[in-house]
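Asker:
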Amino acid sequence: MLGIVPDLQTLALYLGAAVALILAPGPDTIYVLTRGMQGRSAGVQSALGVSTGVLLHTLAAALGLAALLRAAPAAYEVVKYAGAAYLVYLGVQAVRSDEFALEEGSDPTNSYLRGVAVNALNPKVALFFLAFLPQFAGSGPDATGRMVVLGVLYAAITALYLSAVALASSRVRHVVATDRVRSKLQWGAGSVFVALGLSVAVGGR
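Letter by letter, the sequence shown follows residues 236 to 440 in the numbering used here.
1) How would you call T269, buried or exposed, if buried means at least 16 neighbouring beta carbons within 10 angstroms?
2) Take every Cβ of the stretch 348-358, pair it with every Cβ of the stretch 286-302, and state whether three or more of those distances are shorter than 8 Å.
3) Given this structure, state the Cα-to-Cα distance separating S460 from A403, to the nearest angstrom.
4) Does the Cβ-Cβ distance between V267 and A401 come in under 7 Å?
5) Quick check on the burial criterion: 16 or more other C-beta atoms within 10 angstroms. Buried or exposed for Q244?
6) Specify, as a first and last residue, the run of the alpha helix (DSSP H) that L307 falls within.
7) Is the Cβ-Cβ distance between V323 and G432 less than 7 Å?
8) Put G386 into one of helix, strand or coil per three-state DSSP.
9) Take the Cβ of V429 as the centre, count every other Cβ of all protein chains shown within 10 Å, and call the residue buried at 16 or more, exposed below.
10) How about Q280 and Y347: do their beta carbons lie closer than 7 Å?
11) DSSP three-state call for N357: helix, strand or coil?
12) What is the DSSP secondary structure of A391, reduced to helix, strand or coil?
13) With DSSP run on the structure shown, which of helix, strand or coil describes P262?
14) Which residue wins for smallest C-alpha separation from W422, given the options L258, Q328, Y321 and L248?
15) Pull up the distance between the alpha-carbon of Y389 and that of V330, whole angstroms please.
16) Please report the straight-line C-alpha distance between L397 and P308, rounded to a whole angstrom.
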């Protein structure tokens, strides 16, 4: 059991790198921030969904599925374009409907599942975990177990940080709840997601 727990020096280095990476803004942060403006429940559920996506990527890396994405161009392309299409879909929905309307009563389950999808459908995240986790997991028979432990820690930190983002954004929702500001936020969020989707689609491996 102790073999799957990294030594303190490795763990400290890993946590420092993980925190720095988690704080870097990306689709996950933007999605949770926008959902948080709907209310605390929607925001926190989105954060938990993203963290679940992190766990899925960890499992994929531990089982070697991420290596398959790297080795099989066709599989990678399918996942890449699926993720890009989903981000564009979120952007279009934000502009055309009340997908990100600033109102209470948003379905928490919907927020959670979409949070999972935003993270899990990003193949670059899968490849990142394949490259990142082994550096700290080392080698040997316990390496897979250590990767899982490190991935769970990453997911936990992600959940804490993004939940804080969600709670912070929910506090300002009443300040920006006018129709005019809401419309600008929806267009802004939609534009960002469409741009992210196009970036994923045209970006290299």
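Here a beta-carbon is modelled for each residue, glycine too, at the ideal position from N, C-alpha and C.
These figures come from a predicted structure and were not determined experimentally.
Answerer: So, from the listed chains and residues:
1) The residue labelled residue 269 in the question sits at position 34 within the sequence shown. The residue in question, T269, is buried, as its Cβ has 16 or more Cβ neighbours within 10 Å.
2) yes
3) Past the boundaries of the shown model lies residue 460; the chain is included only from 236 to 440, so the question cannot be answered.
4) Counting from 1 along the sequence shown, the entry for residue 267 is found at position 32. Counting from 1 along the sequence shown, the entry for residue 401 is found at position 166. Yes. Within cutoff.
5) As a first step, residue 244 must be located in the sequence shown, where it is residue number 9. Residue environment: Q244 is assigned as exposed (fewer than 16 neighbouring CB atoms within 10 Å of its CB, all protein chains considered).
6) Counted from its first residue, the sequence shown places residue 307 at position 72. A small correction: the amino acid at residue 307 is Ala; Leu does not occupy that position in the sequence shown. That residue, A307, is in no alpha helix (DSSP H); it is neither H nor E in DSSP.
7) Within the sequence shown, numbered from 1, the residue matching residue 323 stands at position 88. Within the sequence shown, numbered from 1, the residue matching residue 432 stands at position 197. Taking 7 Å as the Cβ cut-off, V323 and G432 qualify as a contacting pair.
8) Looking up residue 386 in the sequence shown gives position 151. Three-state DSSP puts G386 in a helix.
9) Position 194 of the sequence shown, counted from the start, is the residue given in the question as residue 429. Classification of V429: buried, given that the 10 Å Cβ count is 16 or more.
10) The residue labelled residue 280 in the question sits at position 45 within the sequence shown. The residue labelled residue 347 in the question sits at position 112 within the sequence shown. A contact, by the Cβ cut-off of 7 Å.
11) For the purposes of this step, residue 357 is taken as residue 122 along the sequence shown, with counting starting at 1. Here N357 sits in coil by DSSP.
12) As a position in the sequence shown, residue 391 is number 156, starting the count at 1. Helix.
13) In the sequence shown, counting from the first residue as 1, residue 262 sits at position 27. In the structure shown, P262 sits in a helix (DSSP, three-state: H, G or I).
14) Within the sequence shown, the letter at position 187 stands for residue 422. Measuring C-alpha to C-alpha distances from W422 to each of L258, Q328, Y321 and L248 identifies Q328 as the nearest.
15) As a position in the sequence shown, residue 389 is number 154, starting the count at 1. As a position in the sequence shown, residue 330 is number 95, starting the count at 1. One C-alpha to the other measures close to 32 Å.
16) The residue you call residue 397 lines up with position 162 of the sequence shown. The residue you call residue 308 lines up with position 73 of the sequence shown. Their Cα atoms are separated by approximately 32 Å.
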